[in-house]
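Residue numbers (my numbering), protein chains in the order written: chain A, 1 to 490; chain B, 491 to 591; chain C, 592 to 1073; chain D, 1074 to 1681; chain E, 1682 to 1848.
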């Protein structure tokens, strides 16, 4: 493809940030329209990339190579394989719907959209780049704006949550920092390009030593089990669109990092450590579900459900590495990344709507909301059921593939996790029953249901969930060839 | 007299200077300590100049420069001492502990 | 004639100083004095840029070397001087009658620092060190709060003089062992000298003076107190300009030991440097967690950054030195931005507590944005030079397998996030305190200076290639001296 | 017309109707109603056309390909799916017609009809599924539809609690089914049902006896959940909270029968493992007896019918397990017909008298509603298994298959269960037609509107003529028609008549005690009326265990993980405080520490 | 023989003076101690063959610097006042100093320096050599020293003058 479409997609949020900064103070509406315009443009471009991606060939396409700091070997190497296309599309979708969700924001709008778009730049960068340094560069750009966003526009215990999130993520990237440098230096190729590094086989001992740093570094952001403390409190405190981007896309950054750096560059290390991390991920799934049962705040429930679902992604990655059923595991993990991204974005978008109207997130305050806000409730129910892994919605296929691989590799562990599905259903239904069903609560009579344009973002996300729920091969066709290539290592 | 004797003398002088700086209460006596350390260095330079230097003039020039700089140092030190005294009416090192933490 | 051209930068600065002194004597107005000084510093910057490409030995060969490395460092010093002068236009925090003396002393000290960068003979180095220190001692005293000014100056001076005495003592041993004071001859005599432990102790004592200026571990105690007690422009000067010169000299000293391909087993000195660097980082970051005063916090962060720089220094490799030169340029810009915000916010305050920054986003969005870029830079977050600078610094250390050291450094910079982000929290979240809700309108000159600095920080962060090339060439030139 | 296209039309018209109704005509009730009914009619016609078209080979396309795995989506057109598909479509349509009357004055009518459409799509999709996974998908969608329909009046807390309980319990069953299917896919690499069932290359040849039993029992776990067998049956009685047409359609005729249908579909697999058959038989017969005993003491009309459904499902499973494929399927179809009839009659009563209590209905002149009462009596008689009606034929087949299979003890217990069935059915009938207090003379009781009565009458006729379909069904299922001598039928008939007599003795007679013979043994009476304490056990054991685990892990989260991180942060800040205190402001201390460190460094440098 | 005796005397004088200056509680006595040390050092320079430097030492150090210190002392505090001399500080600082002394002494003893065959001739020590050195090879040093001294003087004057106004 002649024109550098990937850089164009990356340019959209950059230009959006610049344009938003230049808008004179007070012109909030203009800021919103700029952001929507650029996010729509990015969405269209990502759709073009999806269409133009040659699924029969698989592998890296739309490659752009520009030397950046040649002396040290950093190149602006943008390329996208099956996973990249899918996740770029996820990011565009969540960004577009995120902007629409925050349409009614009135407090310091200019700075808000500037920071949010900066976050999107980081995410696009990570999914597209094939250069180890630029991966880490964009990885941190994606993490940086979280602090001001939660700090200024957050809600419950925002300062504590913002600081905890920032410290967790940056300690994570501190673990990652020496590992990436070590990979660069030990390979000795004098270049950061992951394509060459991928071809170079590292020593077994080195891989075993460095892989945990890479896994833990990225895993913290992916909300892996013992280090997930930041994500629920981060979700609760963040404004809805930020938690959409945060849970919907940012956590996928961590998993994508593990996949691209950990598994692709250090296969033996990954195989050596996989059993331990697989068990941890499995604990994460059950742990997230159990703790979600006890939560009294909407966003906490969703936060812990994200931990639980990200556990499925990490489990998929680790099982894939073990090589017993790696095709299903990798496919399932990446599919789950996409499906969970859309689902959580839908969750937070709806809860954000309810919070904006009712100004409380504790589930027990509500009751019989179904009668006041039928549309919002229906959308929340769809998102909830998708979380519970109901067929006809995207998450079912992802979880099915991962469970398939789990059953083949560790049958007992697999059975326990599938049993975990009941727990997921339990905490989702508990939320429905306490908040939506039950007698009509006169206190909430004043609430208005979703109007036309408020319905648009949620409707898009629901449509996507149902589309890929009914036609899974649309995604699997895209990511399967890339999985085949990835599988050669195991 | 062997070279190491001179070096030892300068070392003793240097250590005495250190003790003066670290233990005295009056800032002027601390200046004395600094002067002792500078003299120790000068002895070193003269001794090496005499025993090992390729071109003996170097050491003398160095010592002269050191003496000059020491004088400059004393000048600036004492002027600041005056300001300190005018502000605090004492020149005790124990007193100047307000800036800390 | 060629010789004059070679030392044009120092000459211009000295002439400017003399001119300023004449205006001082004639009793001209503060603005006039400041304008002459500012013009002088701009001329000095121009001179540096002119002589950037030249190499040569203006005086007796071996004493004073002018090459791309020294000229690059002089340019950085001149630029920093211009930026500091931008802030020192009659600062209320200093005594009224001292306003005219501030530019004079700044010019003198910068001239001394410039001499330090190209001095390749031990005693010239010592003389330049002393020359650059005296004006700074004088400046700190001129604080409007005499008690604080005098105490701060005395303590800084005391530690400075002890450090330079120790340096002199170290020089004497190196002179004794090698018989000469010329660095080039010492480098030539290095192979046999290396076996003598006294040489390495001498070198360590020699480095003491410059590690003091850099504020590395055992000699770091002055930094927080001096940053806190000295007037804001002077603190900016100490934090930026004198640090750059210290780094330049350290690079030259370590280059004496030669890069790892030719060097003898400098292993022991490297271990000492590593220990000092780790101590500096950890101590700097931990102590900064509880700081209430913004300048004192920046002092502790300066100690931490000294640790990061020495992590690259101990690698004894050309990549390490290039990374240090690159990082110095970035570090200068970032620190200046933070101090500029401190100067503007604390214009008529003796000290700048972090709470004074409250509600900065309301009082002046431009300053708030600059603070954001500066703080992100110091923390080492991506769009800024801090990130890529740290990447190269630690990459040098990791080149020869110091994985644990880089891990400690990375974890340290993660801990540092806490106190940096608390500053942003105050600036961006809180409402301004009751008494200082006035809109802060920095002078157009300061705004342009800030814009230039922010541009440099972001440009180096995003497209570092241009700067990296210059730094690499400078290091090649540095290597050529021995 | 190609059966595949016809099948797509049959299955997806209700979905289209559901989507359009939900999205576009939430307010326009009439249009929504019309849409759904139209969808129902089309699927009925399509289903019967398919039925008449006769069995044809399966058609499927690859739906999901991940690595070596190929999952397909398509339709099976063998006798089983065609016949049951037609019955499901027919009953769904009848209930939709019935609901027009029943839900006439309910404000959320559109949502109700849309959900019925959704259910229709899911159920038909399941019936014709060719791939195990496709079956699982529609299986769970049926569960979803039942969740929404049970909890239709979500403002009633008990309704939403019942919906949640139903979904969770079926979900537990589904987990077993999902694990079973996953294992099958892993072992055989495919989920295509005909390929799995193939005698030579099917699953039975690939796997040892032990694993096959495990797989089959896991699948049976799903069946237990959906068809409300013993351990997972407690949700069905609570599901009566939903509107009565829903109970008629889902919780008696079609949805709960899905488990039995799956059993019939994978019949060869079940037959291949002895232990599995024994387990199924024991569970089935125990469920039958237990549900019958509870039904005997139940006073709520719908609850009685619910427990009787559990019992009859147990009968079908027992028949299938004993090898009587035809008996199971016949009973499945006929039971769907007369149980739907009974529920619709119950609905008609409840619609009119606004109460579920049988005695109350009887006292307030239930019998004056001519057609409903007639339907009730005939339905009851068929349920009890009295000769000329459909129930007799299918029950006879079930009992015959049990005895042919050689399970004489199970056969005997089944006979006793049949006796109890007859007893509680006619207890219900006598409660309604022979109330203890004479009716008020002027009670203005008139029968329901024709739109409600129409389906009742149709089903009554179907119940009467039900027995005739034995021949054609056997033909379509490619099985031979079994001939039973009159002698072998005798014990079943006697038990049924005995049941009726004892019921008349306890409840029909003017001097009847109306407490049932079980009343004599208070311990048993309390056991049955407390539903064998199963619910309480679940609540005490499982629910409390889950809550306990949740609380423990919540504490772990708050104190250990989260708290741990905060402790770590405090410790760092505390050490920071102390390091700051190092900066004592005392110049001499600074210089001293500088000297000491340099001295130590010097010593270290000197010693190497 | 006499020469070694004389140099030994000067060395002892220097060391004794230094230690006396470091430890004596009275401030004025400390400066006197410094004076003695400076005199001793001048003697050592003489022995080490450079009379000019010895003269300069006596002239500048004893004449200039010590006298300046006495003036500073008179200006700042009454001569007689004896500062309380805390024992702990002396002990601690002497421990640190002795530690440093021991380390350096061990190093000095163990290294053998590249000694020249025979000390340079008297001619090499004349004043014109120093002058020649200053003006040719070490010219930047000479210029630098001049600048440094002038800066110090200017700074001292500007800092220490009476404030014009009470701002």
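Note that beta-carbon positions come from the ideal geometry of N, C-alpha and C, so glycine has one too.
Neighbourhood of residue i by C-beta, 6 Å cutoff - its chain only, sequence neighbours within 5 removed
| i | result |
| --- | --- |
| residue 342 of chain A | 461, 464 and 465 |
| residue 635 of chain C | 600, 603, 604 and 669 |
| residue 1359 of chain D | 1303 |
| residue 686 of chain C | 733 and 735 |
| residue 815 of chain C | 887, 890 and 891 |
8 Å Cβ shell around residue i - same chain, five flanking residues per side excluded
| i | result |
| --- | --- |
| residue 579 of chain B | none |
| residue 1484 of chain D | 1472, 1475 and 1476 |
| residue 1401 of chain D | 1333, 1336, 1337, 1389, 1390, 1392, 1393, 1471 and 1474 |
Identity of the residues DSSP links to residue i by a beta bridge
| i | result |
| --- | --- |
| residue 1147 of chain D | D:1133 |
| residue 710 of chain C | C:655 |
| residue 1179 of chain D | According to DSSP, which records beta bridges pairwise, residue 1179 of chain D is partnered with nothing at all. |
| residue 131 of chain A | A:193 |
| residue 1477 of chain D | Answer by DSSP bridge pairing: none, since residue 1477 of chain D is not bridged. |
| residue 362 of chain A | A:297 |
Below-7 Å beta-carbon distance, residue i vs any chain D residue
| i | result |
| --- | --- |
| residue 407 of chain A | yes |
| residue 750 of chain C | yes |
Chain A within 7 Å of residue i, Cβ atoms only
| i | result |
| --- | --- |
| residue 1139 of chain D | yes |
C-beta neighbour in chain B for residue i, strict 7 Å
| i | result |
| --- | --- |
| residue 825 of chain C | no |
| residue 608 of chain C | no |
| residue 1675 of chain D | no |
| residue 1848 of chain E | For residue 1848 of chain E, the pLDDT reaches just 44, beneath the cut-off of 50, and the residue's location in the model is therefore unreliable, although a value from the coordinates is still provided. By this cut-off, residue 1848 of chain E is not an interface position. |
| residue 1716 of chain E | no |
Contact list for residue i against chain H, beta-carbon separation under 8 Å
| i | result |
| --- | --- |
| residue 512 of chain B | No chain H is present in this structure, whose protein chains are A, B, C, D and E. |
Interface flag, residue i vs chain E, CB-CB below 7 Å
| i | result |
| --- | --- |
| residue 1679 of chain D | yes |
| residue 1672 of chain D | yes |
Any non-hydrogen atom of the ligand SAH within 6 Å of residue i CB
| i | result |
| --- | --- |
| residue 723 of chain C | Summarising the ligand content, the structure contains no ligands, and the ligand SAH is consequently not present. |
Sequence-distant residues of its chain with Cβ nearer than 7 Å to residue i (five each side left out)
| i | result |
| --- | --- |
| residue 1778 of chain E | none |
| residue 1126 of chain D | 1076 |
| residue 1015 of chain C | 963 and 966 |
Output needed in chain order: residues of the region 1736–1761 of chain E with a Cβ under 7 Å from some Cβ in chain B. 1737, 1738, 1741, 1742, 1745, 1746, 1749, 1750, 1753, 1754, 1756, 1757 and 1758
Minimum length 3: unbroken beta strand (DSSP E) runs contained in the region 395–443 of chain A: Fully contained in the region 395–443 of chain A is no beta strand (DSSP E) run of length 3 or more.
If you scan the region 1535–1599 of chain D from start to end, which runs of the alpha helix (DSSP H) of 4 or more residues do you find wholly inside it? 1543–1549 and 1559–1576
Beta strand (DSSP E) runs contained entirely in the region 314–381 of chain A, provided each spans 3 or more residues: none
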